[in-house]
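Q:
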Amino acid sequence: MDTSIKVLIVDDFATMRRILKNILKQIGFKNLVEADDGTSAWEILQGQTIDLIISDWNMPKMTGLELLKKVRASDQYKRTPFLMVTAEAQKQNVIEAVQAGVSNYVVKPFTAEAISDKLEKILK
Amino acid sequence: MNVTLINPFINATIHVLETMAFVTVSAGKPYLKKNNVAVGDVTGILGLTGVANGTISVTFEEKCILNVVSNMFGETMTELNHEIADAVGELTNMISGQARRELEEAGKVFKAAIPSVVTGRNHSITHHTDGPQIAIPFSTGNGDFTIEVCFER
């Protein structure tokens, strides 16, 4: 797994961004960028090149699903790995995310191992 | 109140605290709460809509939430501040999500709002329905917390 890539973490809760940053740093990722909703994330994606997106679902302004759809509709990011990390674990949510092109899905609460395993799979 | 609406929140609370904060949690006996005064110092509250409308809240004693968030962050937290409030909101969100997953398996689908957080001694908790407020006390090795579940009659 290439840990030199630039990762965008999107969550409206600073707590979750902090937990994910701690886990990613433990794995070896150093190039981390944060956004607190989909709108801010999209602005970051327009301004710099991101190699992996890790996003919450339920956020104000622009949800993670809306962000995923914008990402998949763009030429630059249509193949960029996108990991959804969310408390929205109901079947319909998972189906919608898969249909929109999510790379993988982690349900909160999660362990550091769960995040690491999913990243191994989508960054192969 | 239908116990099948309560148990998923108890299970979810235990699972979330144990997974995210490595805290061993034991649930006490549920009781009918008769007032709006919080049993603790910081509360996350969240509205639910679906097969029934209601709210859930999670109220932590200061000592308990400082220990929980310290474990989540891997560093010692010493005061109730915006970081603690944010963490309580996210914990409430996760408990709701986990419980809704179990409820969905039983055929009960709910949607959740974004949680809000209230802090301060003797603060009030406003459940937006007139149903009974079922409180479930929990203890950890480092302080107590209480969840409240309130669905419309």
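Note that the protein sequences, when read in sequence, are chains Z and S.
My numbering puts the first sequence at residues 64 to 187.
My numbering puts the second sequence at residues 576 to 728.
For glycine and all other residues, C-beta sits at the position ideal for the given N, C-alpha and C.
(1) What does the alpha-carbon distance come out to for the pair lysine 124(Z) and leucine 186(Z)?
(2) At least one CB of chain Z closer than 8 Å to the CB of alanine 710(S): is that the case?
(3) Skipping 5 residues on each side, what residues in its chain have a beta carbon closer than 7 Å to that of serine 179(Z)?
(4) Which ranges would you report for the alpha helix (DSSP H) in the stretch 629 to 702 of chain S if only whole runs of at least 4 residues count?
(5) With distances taken from CA atoms, which of Thr715(S), Arg675(S) and Glu636(S) is nearest glycine 603(S)?
(6) Could you check how far apart the C-beta atoms of threonine 588(S) and alanine 681(S) are, in whole angstroms? I think they sit under 8 Å.
(7) Determine whether the beta carbon atoms of alanine 104(Z) and valine 70(Z) lie at a separation below 8 Å.
(8) Measure the alpha-carbon distance for aspartate 138(Z) versus glutamate 677(S) and round it to whole angstroms.
(9) Under 8 Å by Cβ, that's how I've got isoleucine 670(S) and valine 633(S) pegged, so tell me the actual separation to the nearest angstrom.
(10) Are the C-beta of serine 645(S) and some C-beta of chain Z separated by less than 8 Å?
(11) Could you list which residues in chain Z have their beta carbon closer than 8 Å to that of aspartate 661(S), in chain order?
(12) Let me check understanding here. Comparing Cα to Cα, which of Glu727(S), Ile722(S), Gln673(S) and Thr594(S) lies closest to histidine 615(S)?
(13) May I ask you to list the residues that DSSP assigns as paired with threonine 112(Z)?
(14) Quick one: is threonine 174(Z) near chain S, going by C-beta distance under 8 Å?
A: In short, the structure shows the following:
(1) 29 Å
(2) no
(3) Excluding sequence neighbours, serine 179(Z) sits near Ile90.
(4) 637 to 648 and 657 to 680
(5) Thr715(S)
(6) Threonine 588(S) to alanine 681(S), Cβ: 17 Å. No contact.
(7) No, these two residues do not count as a Cβ contact at 8 Å.
(8) In this structure, the alpha-carbon of aspartate 138(Z) lies about 39 Å from that of glutamate 677(S).
(9) 6 Å
(10) no
(11) Phe76, Ala77 and Thr78
(12) The question names histidine, but residue 615(S) in the sequence shown is glycine. If we check each option's Cα against that of glycine 615(S), Ile722(S) comes out closest.
(13) DSSP lists no partner for threonine 112(Z).
(14) yes
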